[in-house]
Every structure is written in structure tokens, then in C-alpha cells.
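See below for the structure under consideration.
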Amino acid sequence: MILIQCQGLSKHYGSKKALNNVNLTLESGAPIALVGPNGAGKTTLFSLLCGYLTPSAGTVRILGEAPNSPALLGQIAALPQDATLDPNLTIISQLSFFARLQGMDSKQANQEALRVLNLVDLAEVAQQKPPSLSHGMSKRVAIAQALIGSPKLVLLDEPTAGLDPANAKKIRELVRTLSPSTTFVISSHNLDELEKLCDQVLYLDKGELGQSISMRSSNSGSDYLTLTMESCDSEALIQAVGQIAGVVNITSKQAHVFVIQLDDTANRHYEFETALLTLFKQQHWQYKMLLKGRTLEETLFS
Ligand SMILES: Nc1ncnc2c1ncn2[C@@H]1O[C@H](COP(=O)(O)OP(=O)(O)OP(=O)(O)O)[C@@H](O)[C@H]1O
């Protein structure tokens with residue numbers, strides 16, 4: 001099912017071009033990552049998808065509808081980067097209010113508010129007011145708000161920024177669990193996190209959509225291996241590995257991490273891995289990790 005379609009989408013703020021002629025078609029399914037440097041236009045794109053901003057040129061369709069169409073009520077939700085709640089009202093009353101805006105009666109709205117608070121493990125703060133929550137808790141409440149009514153599309157702008165590692169992991173697990181019925185588009189600078197969660201990565205730079213990378217195909221069908229060593233003489237390793245049959249290239253941009261490109265001969269990986277382990281045994285070199293494919297960082301920036 002086509003969830004998002006943008007054609008020739010541009011947004012200017014005065015003379016500033018924040019988005020330039022973006023063409024994009026996204027299907028529902030696994031989470032999709034949106035990455036790009038500061039000021040690339042990610043928030044602007046999210047705001048156009050939600051209908052918070054109107055395009056300077058081009059069109060947006062969500063499930064075939066214009067972003068502000070009443071048909072999308074409850075079907076699309078967003079977690080803005082700087083989401084805030086009213087400091088004077090309890091969490092439950094605010095979440096229930098948002099549920100009522102989607103047409104639920106007061107009993108259903110209360111149950112829905114509790115359901116989404118349970119999803120983010122925060123049912124115990126239901127009767128509290130926002131100022132009594134920590135930054136991480138406020139973020140999780142904002143994520144709960146985006147999940148009201150089980151929308152088909154949820155846009156998350158930096159969902160785990162400021163969360164401790166345990167809570168960030170919980171949010172990732174929640175996204176994974178809900179993914180069959182909700183498609184998440186996640187904007188983040190945390191490439192490790194996106195790599196764990198997303199199959200497709202969109203790269204936006206200076207308002208233009210560049211690469212669209214399929215993590216699945218780049219990891220399964222690729223001819224790359226990423227090797228992390230415990231400690232080693234990098235030059236000696238590059239020299240020795242470079243001489244193993246099938247190696248096209250070996251590079252190292254981070255201490256102890258090597259990206260090895262193999263030619264595409266059938267069974268090359270098995271033969272190469274055997275030769276690599278034999279080399280480690282001969283040289284008494286200890287490896288930490290050998291991964292098929294390249295990291296997202298390597299794929300985007302090498
Ligand atoms: N309201 C505005 N008025 C003028 N310029 C704006 C406005 N909002 C954003 N911009 C500019 O548009 C460009 C894109 O901004 P945007 O916030 O969409 O980027 P971003 O990719 O979300 O950045 P970050 O990763 O820092 O959050 C930037 O150059 C920004 O300065």
C-alpha cells in the first residue's frame with residue numbers, strides 16, 4: 001500500500017530553500033529512516049507531511065489524501081522534536097482529550113490514554129502534571145500521545161534523543177512490536193539505532209533527497225564485510241588481508257575497524273572467512289566482530 005507520495009515538493013522560507021523538488025514514494029511496512037545533517041530539511045518535510053506547513057510547490061499525498069483531509073483523522077500522527085504538554089493539566093486528562101478529538105467517547109478515551117501510557121511503561125504517571133516528569137519521561141509521554149488511536153503512519157522526530165540507553169531500547173522494541181500495523185518514519189542522528197530498526201534509509205541533504213538505501217539488500221546481497229579487531233597492527237593487517245584471494249579493497253576509517261570489499265565470485269565469502277581465520281591464528285590476532293555488509297555510516301559516507 002502506498003502510504004506517502006510527494007511530487008516535486010519544495011518549501012521556501014522567504015529566500016531560504018528548505019526543501020527542493022523532493023519526489024518520494026513510500027510503502028507501508030518496516031520502519032523507514034530519514035537522515036541528514038542539521039538544517040537538511042527533515043523537520044520541514046515532516047511538517048509538510050503532517051499538514052502543519054503548506055508546500056511552496058509540489059504535492060503531498062498520505063494514503064492518497066491531502067495532509068489536512070478529514071479522512072486522515074487518527075491515521076497519521078507525529079512526535080515533534082520539541083513536543084510539549086500543558087503544564088497545568090494531568091497527563092491522563094491531556095491524552096484523553098486527544099483521544100476524544102479522534103471521536104472517542106469519554107470512557108473509550110480514558111482507556112485509550114491508559115493503553116498508550118502502558119505501551120511506554122508510564123501508567124504510574126497518569127495523574128501527574130508534566131512539570132513533575134523528567135525529560136526522558138516527557139519524551140515517552142509524547143510518544144504515547146503519537147500512538148493514540150493506533151495510526152497507520154507515525155512520524156518520529158528524534159524519538160530517543162535524551163533518553164537513557166534502557167529507555168531508548170524500550171522505545172526501539174515498541175517501534176518493532178507495533179510495526180506490522182503502524183509504519184514509522186524516524187528522523188534521527190543516531191545511525192546505530194536506525195540501522196537496528198529500519199529497512200530503508202532516506203538521505204536528505206540541503207533540502208534535496210539523495211540516496212535511498214535498502215539496508216536489507218545492502219546487508220544480504222553485498223560484497224562487503226566489516227571486521228572489528230580487539231587490537232592490532234593496522235598496517236600489517238591491511239597488507240595481509242589485502243593479499244587474500246577475492247579481496248578487492250580494504251579500508252579503515254576508525255581505529256580497529258576495517259571494511260573489506262570482496263569480488264562477487266560465488267562462495268567467495270566462505271573461502272575468504274576461512275582464509276581470514278587461518279591468518280588470525282597464524283598471527284595471533286584477536287578479532288571482536290565480523291559482520292556481513294557495511295554499517296549505515298560507512299554506506300552513507302564512504
Ligand atoms: N521557520 C523558519 N524560517 C526560516 N527558515 C527556516 C524555518 N524553519 C527552518 N528553516 C531553515 O530551513 C532549513 C531546514 O530546516 P529544518 O529544521 O527542516 O532542518 P532539519 O534537517 O530538521 O535540521 P536539524 O537536524 O538541525 O533538526 C534550515 O536552513 C533552517 O534554518
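Residues in the sequence shown are numbered consecutively from 1, following UniProt numbering.
All C-beta atoms in this analysis are idealised placements derived from N, C-alpha and C, irrespective of residue type, glycine included.
Asked, Found
"Near A57, what residues of its chain come up, given a Cβ to Cβ distance below 7 Å and the 5 sequence neighbours on each side ignored?", "G8 and S10"
"What's the C-alpha gap between A78 and S252?", "39 Å"
"Return yes when the Cβ of I171 is within less than 9 Å of the Cβ of L122, no when it is not.", "no"
"Looking only at its chain, what residues have a beta carbon closer than 6 Å to the beta carbon of Q5, apart from the 5 residues adjacent to it on each side?", "T25 and R61"
"Can we count N21 as close to ligand 1, meaning its CB is less than 8 Å from some heavy atom?", "no"
"Which value, in whole angstroms, describes the spacing of the CA atoms of D192 and L133?", "28 Å"
"If contacts are defined as beta-carbon pairs under 8 Å, then G36 and L204 qualify, I think. What distance do you get, rounded to the angstrom?", "4 Å"
"On the DSSP bridge list, what partners appear for residue 347?", "There is simply no residue 347 to check, as the chain begins at 1 and stops at 302 in what is shown."
"Compute the Euclidean distance between the alpha carbons of D264 and S15, then round it to the nearest angstrom.", "48 Å"
"Runs of 3 residues minimum, wholly inside the region 146–226: which ones carry the beta strand (DSSP E) assignment?", "153–157, 183–187, 200–205 and 208–214"
"Tell me the DSSP bridge mates of L34?", "S187 and L202"
"When DSSP builds the beta bridges, which residues end up paired with E124?", "In DSSP, E124 forms no bridge with anything."
"What is the C-beta distance between K152 and T183, in whole angstroms, given that I count them as a contact (C-beta under 8 Å)?", "7 Å"
"State the DSSP-derived secondary structure class of A99, mapped to helix, strand or coil.", "helix"
"CB S234 to CB L34, shorter than 9 Å?", "no"
"Please report the distance separating the alpha-carbon of E298 from that of N249.", "14 Å"
"Which word fits L73, buried or exposed, when buried means at least 16 other C-beta atoms lie within 10 angstroms of its C-beta?", "exposed"
"Quick one: does the C-beta of A40 sit closer than 8 Å to a heavy atom of ligand 1?", "yes"
"If we ignore side chains and look at the alpha-carbon of each, how far apart do residue 338 and I76 end up?", "The chain is shown only over 1 to 302; residue 338 falls outside these bounds and no answer can be derived."
"Looking at C-alpha atoms only, which residue of S106, F272, N20 and L174 is the closest neighbour of A40?", "N20"
"Please confirm whether L156 and V201 have their CB atoms less than 9 Å apart.", "no"
"In the DSSP output, which residue or residues are listed as bridge partners for N21?", "Paired residue(s): none; N21 is not in a bridge."
"For the candidate residues L63, Q127, A18 and E27, whose alpha-carbon lies nearest to that of T43?", "A18"
"Nearest-angstrom Cα distance between residue 307 and A240?", "Since the first residue of the chain shown is 1 and the last is 302, residue 307 is not available in this structure."
"Examine ligand 1 and report whether any of its heavy atoms sits within less than 8 Å of the Cβ of K16.", "yes"
"Within the present structure, is the beta-carbon of H269 separated from the nearest heavy atom of ligand 1 by less than 8 Å?", "no"
"Taking 8 Å as the cut-off, is the beta-carbon of T43 closer than that to any non-hydrogen atom of ligand 1?", "yes"
"Below 8 Å, is the gap between the Cβ of S187 and the nearest heavy atom of ligand 1?", "yes"
"Does the distance between the C-beta of G29 and the nearest non-hydrogen atom of ligand 1 fall short of 8 Å?", "no"
"Rounded to whole angstroms, what's the CA-CA distance from L209 to F280? Just pull it up for me.", "42 Å"
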